[in-house]
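*Asks:* Questions regarding the structure given below will be posed in turn.
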């Protein structure tokens with residue numbers, strides 16, 4: 001395995017870190033209070049090409065490998081998590097299905113605007129009665145003439161209120177179920193019959209918006225099928241597996257930031273006449289936080305490398321998501337403890353990181369589902 005970093009990616013990492021630490025961080029509290037990311041930060045991210053990380057160069061993107069993408073997402077992970085999620089959901093599950101499964105005409109039509117950030121992407125799979133059990137989805141599509149007619153409701157769709165392009169999974173043959181009965185569609189927000197429903201109020205991720213997506217006889221051109229008719233469920237699993245690797249990188253970046261904040265604070269905070277960094281209890285917490293971070297980083301890099309080698313990651317992708325998100329939970333919890341009472345106050349970033357970290361064990365597949373997928377693959381590998 002080769003985890004070497006090119007000079008170009010090293011420079012981009014430095015640029016993104018400067019942007020996050022010197023620009024995005026200045027607006028973290030404003031984002032919390034206003035539930036809105038300032039447009040000028042989004043515009044700067046566009047200028048840096050960050051919305052095109054997953055999109056090939058021929059369509060205006062950066063054409064990064066998965067490992068290089070993870071290296072950059074680490075730096076974005078240091079930022080307010082809503083900002084990271086806006087970009088991460090777009091460059092992950094919001095666009096990778098189009099890149100990997102769509103036909104050339106769809107790619108030419110949609111990817112350039114997605115690469116520039118002018119068309120934000122979203123992924124619509126989850127429904128009110130089909131969360132972890134995605135096979136229970138009710139949203140259906142029927143072919144009538146030269147259009148597919150979609151009906152149903154998706155919910156908890158990240159980026160939906162702002163997105164222009166949606167990868168939507170719908171039932172096209174209920175009798176076939178997951179083996180040939182689900183299809184992926186590329187749906188524009190302006191298609192007839194498409195609307196945004198309730199915008200959710202969440203525990204964290206203020207600034208990142210999540211909502212229902214409603215299809216009422218929504219008309220989708222026949223040519224807007226992504227991949228093959230009936231292969232949408234398998235495609236969704238593939239998209240999610242790779243998205244989970246990218247999510248791991250974002251968690252690693254957040255861990256990095258928390259370790260840095262705590263190491264600095266512990267040397268400044270004085271109790272009993274000396275810095276709390278001199279106390280064994282604090283040192284052990286810092287050591288455990290740093291070890292969790294490096295373990296998550298190593299696993300993320302390894303699986304990102306596997307993706308680049310075109311190796312299957314149906315088991316390893318869930319491993320990254322499960323371990324990295326739970327590592328972040330442990331790191332965030334210890335970070336609040338290192339800061340003590342101040343860590344519980346909204347004026348410090350620890351409180352926000354602690355709340356925002358909780359979603360990483362839920363979205364893109366709960367960690368309980370990740371465990372089931374991992375165990376299922378293992379049992380198949382060692383079947384007797």
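Residue numbers (UniProt numbering): 1 to 384. For glycine and all other residues, C-beta sits at the position ideal for the given N, C-alpha and C.
I'd like the list of long-range same chain contacts for residue 319, defined as Cβ closer than 8 Å, with 5 residues on each side in sequence excluded.
*Replies:* Along the chain shown, read from residue 1 onward, the residue named residue 319 stands at position 319. Excluding sequence neighbours, residue 319 sits near 299, 303, 370 and 374.
*Asks:* How big is the Cα-Cα spacing for residue 200 and residue 156?
*Replies:* Residue 200 sits at position 200 when you count from the first residue of the chain shown. Residue 156 sits at position 156 when you count from the first residue of the chain shown. So the two alpha carbons sit approximately 8 Å from each other.
*Asks:* What residue range is occupied by the uninterrupted alpha helix (DSSP H) comprising residue 194?
*Replies:* Walking along the chain shown from the start, residue 194 turns up at place 194. Where residue 194 is concerned, there is no enclosing alpha helix (DSSP H), although the beta strand (DSSP E) it sits in stretches over 194-199.
*Asks:* Drop a sphere of 10 angstroms on the beta-carbon of residue 96, count the other beta-carbons inside from all chains shown, and report buried for 16 or more, exposed for fewer.
*Replies:* Counting from one through the chain shown, the residue named residue 96 turns up at place 96. When all chains shown are included, residue 96 counts as buried.
*Asks:* Can you give the Cα-Cα distance for residue 268 and residue 31, rounded to whole angstroms?
*Replies:* Looking up residue 268 in the chain shown gives position 268. Looking up residue 31 in the chain shown gives position 31. Each residue's alpha carbon lies about 27 Å from the other.
*Asks:* Return the first residue and the last residue of the alpha helix (DSSP H) that residue 21 is part of.
*Replies:* Here residue 21 refers to the residue found at position 21 when the chain shown is read from its first residue. 7-22 is the span of the alpha helix (DSSP H), which, as asked, contains residue 21.
*Asks:* Cβ of residue 150 within 8 Å of Cβ of residue 170?
*Replies:* Here residue 150 refers to the residue found at position 150 of the chain shown. Here residue 170 refers to the residue found at position 170 of the chain shown. Cβ distance < 8 Å, so residue 150 and residue 170 count as in contact.
*Asks:* Taking 8 Å as the cut-off, decide whether the C-beta atoms of residue 230 and residue 77 are in contact.
*Replies:* The sequence position of residue 230 within the chain shown is 230, counting from 1. The sequence position of residue 77 within the chain shown is 77, counting from 1. Contact: no.
*Asks:* By Cβ distance, which residues of its chain are closer than 6 Å to residue 159, with the 5 residues on each side in sequence left out?
*Replies:* What you label residue 159 is simply residue 159 of the chain shown in a count that begins at 1. Cβ within range, chain order: 89, 120 and 122.
*Asks:* Who does residue 215 pair with in a DSSP beta bridge?
*Replies:* As a first step, residue 215 is located in the chain shown; it is residue number 215 there, counting from the start. Bridge partners of residue 215: 152 and 194.
*Asks:* Could you please give the first and the last residue of the uninterrupted alpha helix (DSSP H) stretch that includes residue 169?
*Replies:* Walking along the chain shown from the start, residue 169 turns up at place 169. Run containing residue 169: none in the alpha helix (DSSP H); it sits in the beta strand (DSSP E), 165-171.
*Asks:* Does the Cβ-Cβ distance between residue 264 and residue 365 come in under 8 Å?
*Replies:* Start at 1 with the first residue of the chain shown, and residue 264 comes out as number 264. Start at 1 with the first residue of the chain shown, and residue 365 comes out as number 365. Not a contact, by the Cβ cut-off of 8 Å.
*Asks:* Give me the residue from 204, 326 and 221 with the minimum Cα distance to residue 190.
*Replies:* Working through the chain shown from its first residue, we reach residue 190 at position 190. Taking only the C-alpha atoms, the option nearest residue 190 is 221.
*Asks:* At 4 residues or longer, and completely inside the stretch 51-80: list those alpha helix (DSSP H) runs for me, N to C.
*Replies:* Listed in chain order, the complete alpha helix (DSSP H) runs (minimum 4 residues) inside the stretch 51-80 are 66-77.
*Asks:* Of the residues 25, 313 and 59, which one's Cα is nearest the Cα of residue 37?
*Replies:* Residue 37 sits at position 37 when you count from the first residue of the chain shown. The candidate whose alpha carbon is nearest that of residue 37 is 25.
*Asks:* Got a sec? Which residues, its chain only, sit under 6 Å from residue 315 by beta carbon, not counting five neighbours each side?
*Replies:* As a working mapping, residue 315 is identified with position 315 in the chain shown. Excluding residues within five positions, the ones whose Cβ falls inside 6 Å are 374 and 377.
*Asks:* Among 101, 184, 110 and 104, which residue has its Cα nearest to the Cα of residue 139?
*Replies:* Here residue 139 is taken as the residue at index 139 of the chain shown, counted from 1. Nearest of 101, 184, 110 and 104 to residue 139, Cα basis: 184.
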